[in-house]
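Top to bottom, those sequences are chains H and E. Each residue of the first sequence is one higher than the last, beginning at 1 in the numbering used here. Each residue of the second sequence is one higher than the last, beginning at 1001 in the numbering used here. Okay, so here's the structure we're looking at.
Protein chains: 2
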Amino acid sequence: MFDKQVYVSRRKALLEKMAAQGEKGILFFLGNVEAPAQYKDNCYKWRQESCWLYYFGIDDPRYAAILDIESGRETVYADDVSIDDIIWMGPQPSVLSKAEGVGVANAAPYVKAFEDVAAAKAAGRKVHFLPPSRYYNTMTLEKLFPGEKPSEAFVETVISQRIVKEPCEIEAIDDACALGYEMHSLGRDCIKEGVLEQDIVGKMEGLTLSKGWGVSFPTILTQHGETLHNHLHDKLIEPGKLMVIDAGAESNMHYASDFTRTYPTSGKFTTKQREIYQIVCDCNNFAFSITRPGITYRDVHIQTARKMLEGLRDLDLVRGDLDEMILEGIPGLFQPHGLGHNMGLDVHDMEDLGENLVGYDRGQKRSKLPGLGSLRMARELREGFVITDEPGIYFIPALIEKWKKEGLGEGFVNFAKLESYYDFGGIRLEDDVLVLADGARRCGPKRLPITPAEVEEAMAAAKS
Amino acid sequence: MFDKQVYVSRRKALLEKMAAQGEKGILFFLGNVEAPAQYKDNCYKWRQESCWLYYFGIDDPRYAAILDIESGRETVYADDVSIDDIIWMGPQPSVLSKAEGVGVANAAPYVKAFEDVAAAKAAGRKVHFLPPSRYYNTMTLEKLFPGEKPSEAFVETVISQRIVKEPCEIEAIDDACALGYEMHSLGRDCIKEGVLEQDIVGKMEGLTLSKGWGVSFPTILTQHGETLHNHLHDKLIEPGKLMVIDAGAESNMHYASDFTRTYPTSGKFTTKQREIYQIVCDCNNFAFSITRPGITYRDVHIQTARKMLEGLRDLDLVRGDLDEMILEGIPGLFQPHGLGHNMGLDVHDMEDLGENLVGYDRGQKRSKLPGLGSLRMARELREGFVITDEPGIYFIPALIEKWKKEGLGEGFVNFAKLESYYDFGGIRLEDDVLVLADGARRCGPKRLPITPAEVEEAMAAAKS
């Protein structure tokens, strides 16, 4: 947990911002409860709700809170432990002492939160709440606020706070990235012909559990990188393939890291692999080089896509004018996803609050073009933003065939040559980036090997 | 997945059993959907619903099925993948081919399941459904069957099938136990002064992910064994403590193992530790020795508790007549939990179907005594049952103080002597046991070291 003052300041700023917009009433916060995997008493690893963590820090299930915009009164709601709880869970500090630990003066039983919400509504006061991120909270909020929608002002104010990372958060993200670096290094060192993918995944995830909270998202580790979110790990490593590892660690402070590297399973890239790899590597570096306050990440995406097309044109995989190709959505055939997303307490930071509200400025519209339309983060960059930089090139036979059949990309895409790439797979290279006053820096103490030479050297070192 | 015929036979037997009870209508099955950890696109590791796995085996989210008791018609409901799905998830076999893979002849889109349920209800047919194990399915069923309760006949018939393990399941459980054995051995070998508990947990869980589906429940690894379900792992290993490790692996076939061992952190038991340890070890062996078809596990629990009291009386921690102490609930002061539970696809097998329905025969009532009242599995044992054998002795200061204050155990419990055990912690020793025609055997290829000598030897071997 951060210093008490961190939480006090965040809540104070939130209340002030809400009041400054003329908002009245109370802000209702609902933490997570445990999530059953198979039955009520066998739950997935505990994970607190991120907005709750941000404003209240208390890392226990079944908490709620109310902040009164008008009076400034702050109350945390949870139940003190009974003797039965002590047998199963050990002695626990009181709810009030936990509340005081984050600067909240008042505590009350959990059920009182719902009574206080009802009382506020009955008194004609506005009750602001956030969208739920899990099904239990969905059920709870549907019962508490039937037919009502989350408060836009509340959502947007929270986003405006959380999107700019504080120094203590940047430190926490650097820590998560240090663990992510270690996790990826271990994974890379395990790549060897005949090894089961699952074996490597377990080692990587075990490390994140030993030194952190676990993975920040389910690990992608696949020799079929053209399948973007492939969570199967049932293949033995074959020679001559490309292995995409997209994985991240969550630190004990609950901040995420998220890196992707792509490795030649044999330790050396073939010429064909290296050609495509180099384009992706150049795109990653290029995107980073133009990342700075004032530019929109939509622009960074588009300029990077242009760079990618240039490389593909050099290989005669596409033909024609770069700008025309951008307008035609050609990049989306090769990279169906966006360049990146916000990162923080969530690996796609605040995505539960609304992908567009988090990733798009007011007035910015989501494109309908392939690829660009999938961009999660399009906003004008500001100092303190933390985002991912993750270009990729994939050869997805089903998608290419669909384009061909529907006449998409005609005159631009060299479908004949593409056929020889049907068994290529995919490449993605991802770093986490902090926007600085005058540019950007990569998060974490060290950058994972990324140039073909660095990658081959690291893989050779693991074998020796 | 097991052979197709396994699923065909299970469903056939289910329909026949339902029909034999005079039940009519249709059986509705609802598989799991993904469980969001932070937001819709960041989910916990996928885990299918166990009843679904048992009857249909298909290990993918968002499936439902209907079995018609009267016509015998079987239909699996799920959506075939779109081109977008292929980009993100890769090419997938059709729902129909997956259904046929487990011997189901009919497939239809997911939403059709709900239409077919509505049509059956409109036609006045009975729709049997099971209790949900997760919140999403709770929501779905509440909407589909407002105010209705799960079908008791369906629940009890499923329990009667799943509680007797088939040969292929026993093999799968033995496999899960082999992995649990490896997991525990690794954990034991890591116990060393100054090591962070979380470091060991990560290594153990990593192994289960490398070689299986992960843990079968959140790992308990603690130097405060007196806290029964302690999921904190934030302590450094101190000398002279007792370390309880209660952990299990889920195999790739989704069967569970569940073992507990207790280790002296210094590698050698003190005399005081050894005295208590030996009682628990004797109880574990004693319970196993009387486990056989025909005896109730309630009796095994009680006879084992009697044995425990005998040991405690030898140490002058309790005094008086053993049978009187049983009737007074004295064992519950030292072992507030039951002797064991069913184990199978779930570590507490079928607990989502109702703890009492699974663990108690018709006519068997749950006791109100401490300890015995917490017994999950009380039934008369039958060949093919798989259960855990997990006696424990804990010294829980808050509980002892409560008894003392309330005059409980007066004349039986030597509260004065107990005070010197307030910093003792707790000991639990757990094996997984298969009931055979003429007795029982422990599951898995090898038994984890359990006698004080075996434990000390194994710990010495790890150090050398």
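Think of the CB as a built atom: it goes at the ideal place given N, C-alpha and C, for glycine as much as any other residue.
* **Residues bridged to Ala-65 (chain H) [DSSP beta-bridge criterion]** => Along the first sequence, read from residue 1 onward, the residue named residue 65 (chain H) stands at position 65. Its beta-bridge partners are H:Phe-29 and H:Val-76.
* To do: Could you round the C-beta distance between Val-1201 (chain E) and His-1233 (chain E) to whole angstroms and report it? I think they count as a contact, below 8 Å.
  => Locating residue 1201 (chain E) in the second sequence gives position 201, counting from the first residue. Locating residue 1233 (chain E) in the second sequence gives position 233, counting from the first residue. Going by Cβ atoms, the distance from Val-1201 (chain E) to His-1233 (chain E) rounds to 5 Å, so yes, they are a contact pair.
* Return the residue from the list H:Asp-423, H:Glu-401 and H:Gly-180 that minimises the CA-CA distance to Phe-415 (chain H). => Reading the first sequence from its first residue, position 415 is the one you call residue 415 (chain H). Phe-415 (chain H) has its Cα closest to that of H:Glu-401, out of H:Asp-423, H:Glu-401 and H:Gly-180.
* **Proximal residues of chain H, C-beta to C-beta of Glu-1351 (chain E) below 9 Å** => Residue 1351 (chain E) sits at position 351 when you count from the first residue of the second sequence. Within chain H, the residues near Glu-1351 (chain E) are Gln-38, Tyr-39, Lys-40, Asp-41 and Asn-42.
* Could you list the residues in the stretch 386-406 of chain H with a C-beta less than 7 Å from some C-beta on chain E, going in chain order? => Ile-396, Ala-398, Leu-399 and Lys-402
* Asked: Does the distance from the CB of Glu-1430 (chain E) to the CB of Asp-1389 (chain E) come in under 9 Å?
  -> As a working note, residue 1430 (chain E) is residue 430 in the second sequence. As a working note, residue 1389 (chain E) is residue 389 in the second sequence. Going by C-beta atoms, Glu-1430 (chain E) is nearer than 9 Å to Asp-1389 (chain E).
* To do: Report buried or exposed for Val-111 (chain H), applying the criterion of at least 16 other Cβ atoms within 10 angstroms of its Cβ.
  => Against the first sequence, residue 111 (chain H) aligns to sequence position 111. So Val-111 (chain H) counts as exposed.
* How far does the beta strand (DSSP E) with Phe-114 (chain H) in it reach, from first residue to last? -> Counting from 1 along the first sequence, the entry for residue 114 (chain H) is found at position 114. Unbroken run through Phe-114 (chain H) is the alpha helix (DSSP H), 110-122; no beta strand (DSSP E).
* Give the residues of chain E in contact with Met-1 (chain H), contact being defined as C-beta atoms less than 7 Å apart. => Within the first sequence, residue 1 (chain H) is the residue found at index 1, counting from 1. Going along chain E, no residue has its Cβ under 7 Å from Met-1 (chain H), so there is no contact; the nearest lies around 12 Å.
* Distance, Cα to Cα, Arg-1428 (chain E) vs Leu-53 (chain H)? -> One-based indexing of the second sequence puts residue 1428 (chain E) at position 428. One-based indexing of the first sequence puts residue 53 (chain H) at position 53. Looking at the two C-alpha atoms, the distance is approximately 35 Å.
* Asked: Residues of chain E with CB under 8 Å from Pro-336 (chain H), in chain order?
  -> As a working mapping, residue 336 (chain H) is identified with position 336 in the first sequence. Under the 8 Å cutoff, chain E gives Ile-1087.
* **Start and end residues, alpha helix (DSSP H) containing Tyr-1135 (chain E)** => Here residue 1135 (chain E) refers to the residue found at position 135 when the second sequence is read from its first residue. 1135-1144 is the extent of the alpha helix (DSSP H) around Tyr-1135 (chain E).
* To do: Going by CA-CA distance only, name the one from H:Asn-42, H:Phe-217, H:Phe-288 and H:His-337 that's closest to Gly-371 (chain H).
  => Looking up residue 371 (chain H) in the first sequence gives position 371. Looking at the Cα atoms, H:His-337 is the closest of the given residues.
* Name the residues in the stretch 1190-1210 of chain E whose C-beta lies less than 9 Å from a C-beta of chain H; which are they? -> Leu-1196, Gln-1198, Asp-1199, Ile-1200, Val-1201, Gly-1202, Lys-1203, Met-1204, Glu-1205, Gly-1206, Leu-1207, Thr-1208, Leu-1209 and Ser-1210
* Give a yes or no on contact between the stretch 1274-1288 of chain E and the stretch 1445-1452 of chain E, applying the rule of three or more CB pairs nearer than 8 Å. => yes
* The beta strand (DSSP E) with Gln-38 (chain H) in it runs from where to where? -> By one-based count along the first sequence, residue 38 (chain H) stands at place 38. Gln-38 (chain H) -> beta strand (DSSP E) spans 36-39.
* To do: Please state whether DSSP places Val-318 (chain H) in a helix, a strand or coil.
  => In the first sequence, the residue the question calls residue 318 (chain H) occupies position 318. Looking at Val-318 (chain H) - three-state DSSP - the assignment turns out to be strand.
* To do: Assign Glu-1197 (chain E) to buried or exposed, taking buried as 16 or more other Cβ atoms, counted over all protein chains shown, within 10 Å of its Cβ.
  => The residue given as residue 1197 (chain E) occupies position 197 in the second sequence. Buried, because 16 or more other Cβ atoms sit within 10 Å of the Cβ of Glu-1197 (chain E).
* To do: Determine, using beta carbons only, whether Asp-1438 (chain E) comes closer than 9 Å to chain H.
  => Walking along the second sequence from the start, residue 1438 (chain E) turns up at place 438. Answer no: the Cβ-Cβ gap between Asp-1438 (chain E) and chain H never drops below 9 Å.
* Give the range of the alpha helix (DSSP H) segment to which Thr-157 (chain H) is assigned. => Walking along the first sequence from the start, residue 157 (chain H) turns up at place 157. Element bounds for Thr-157 (chain H): 152-162.
* Asked: Which partner residues does Ile-393 (chain H) have in the DSSP bridge list?
  -> Here residue 393 (chain H) corresponds to residue number 393 of the first sequence, with the count starting at 1. Looking at the DSSP assignment, Ile-393 (chain H) forms a beta bridge with H:Ile-427.
* Got a sec, what are the start and stop residues for the beta strand (DSSP E) Met-1347 (chain E) sits in? -> Numbered from its first residue, the second sequence carries residue 1347 (chain E) at position 347. Residue 1347 (chain E) is actually Val in this sequence, not Met. Premise fails: Val-1347 (chain E) is in no beta strand (DSSP E) and is neither H nor E.
* To do: Could you pull the start and end residues of the beta strand (DSSP E) that Ile-245 (chain H) belongs to?
  => Counted from its first residue, the first sequence places residue 245 (chain H) at position 245. From DSSP, the beta strand (DSSP E) with Ile-245 (chain H) extends over 242-247.
* For Leu-1408 (chain E), three-class secondary structure by DSSP -> The sequence position of residue 1408 (chain E) within the second sequence is 408, counting from 1. Leu-1408 (chain E): coil per DSSP, three-state reduction.
* To do: With a cut-off of 8 Å on the beta carbons, I'd call Val-347 (chain H) and Ser-216 (chain H) a contact; round off their distance for me.
  => Taking the first sequence and counting its residues from 1, one reaches residue 347 (chain H) at position 347. Taking the first sequence and counting its residues from 1, one reaches residue 216 (chain H) at position 216. Between Ser-216 (chain H) and Val-347 (chain H) the Cβ distance is about 4 Å, and since that is below 8 Å, they are a contact.
* By DSSP, does Tyr-1263 (chain E) sit in helix, in strand, or in coil? -> Sequence index remark: in the second sequence, residue 1263 (chain E) carries index 263 (1-based). Reduced to three states, the DSSP call for Tyr-1263 (chain E) is strand.
* To do: Give the residues of chain B in contact with Asn-356 (chain H), contact being defined as C-beta atoms less than 7 Å apart.
  => No chain B appears in the structure shown, which is made up of the protein chains H and E.
* Thr-304 (chain H) beta carbon less than 9 Å from that of Ile-387 (chain H) -> By 1-based counting over the first sequence, the position of residue 387 (chain H) is 387. By 1-based counting over the first sequence, the position of residue 304 (chain H) is 304. No, the Cβ-Cβ distance between Ile-387 (chain H) and Thr-304 (chain H) is not below 9 Å.
* Can you give the beta carbon distance from Val-1076 (chain E) to Val-1095 (chain E), rounded, assuming they're within the 8 Å contact cut? -> Stepping through the second sequence from its first residue, residue 1076 (chain E) is reached at position 76. Stepping through the second sequence from its first residue, residue 1095 (chain E) is reached at position 95. With a Cβ gap of about 7 Å, Val-1076 (chain E) and Val-1095 (chain E) count as contacting.
* Residues in its own chain within less than 6 Å of Met-1001 (chain E) by CB, not counting five upstream and five downstream? -> Here residue 1001 (chain E) refers to the residue found at position 1 when the second sequence is read from its first residue. Gly-1057.
* To do: Along the alpha helix (DSSP H) that carries Glu-441 (chain H), what are the first and last residues, could you check?
  => Indexing the first sequence from 1 puts residue 441 (chain H) at position 441. For the sequence presented, residue 441 (chain H) should be read as Arg rather than Glu. Unbroken run through Arg-441 (chain H) is the beta strand (DSSP E), 439-442; no alpha helix (DSSP H).
* Asked: Does the stretch 1177-1189 of chain E come close enough to the stretch 170-186 of chain H that 3 or more CB-CB pairs lie under 8 Å?
  -> no
* Beta-carbon spacing of Val-158 (chain H), Leu-14 (chain H) below 9 Å -> The residue given as residue 158 (chain H) occupies position 158 in the first sequence. The residue given as residue 14 (chain H) occupies position 14 in the first sequence. Against a cut-off of 9 Å, the Cβ pair of Leu-14 (chain H) and Val-158 (chain H) comes out as a contact.
* Determine, using beta-carbon pairs with one atom in the stretch 135-142 of chain H and one in the stretch 1137-1146 of chain E, whether at least three such pairs fall under 8 Å. => yes
* Kindly say whether Asp-1346 (chain E), judged by its beta-carbon, lies nearer than 9 Å to any beta-carbon of chain H. => Within the second sequence, residue 1346 (chain E) is the residue found at index 346, counting from 1. Output row for Asp-1346 (chain E): interface = yes.
* Asked: Would you call the stretch 1116-1135 of chain E and the stretch 1318-1337 of chain E in contact, with 3 or more CB pairs under 8 Å?
  -> no
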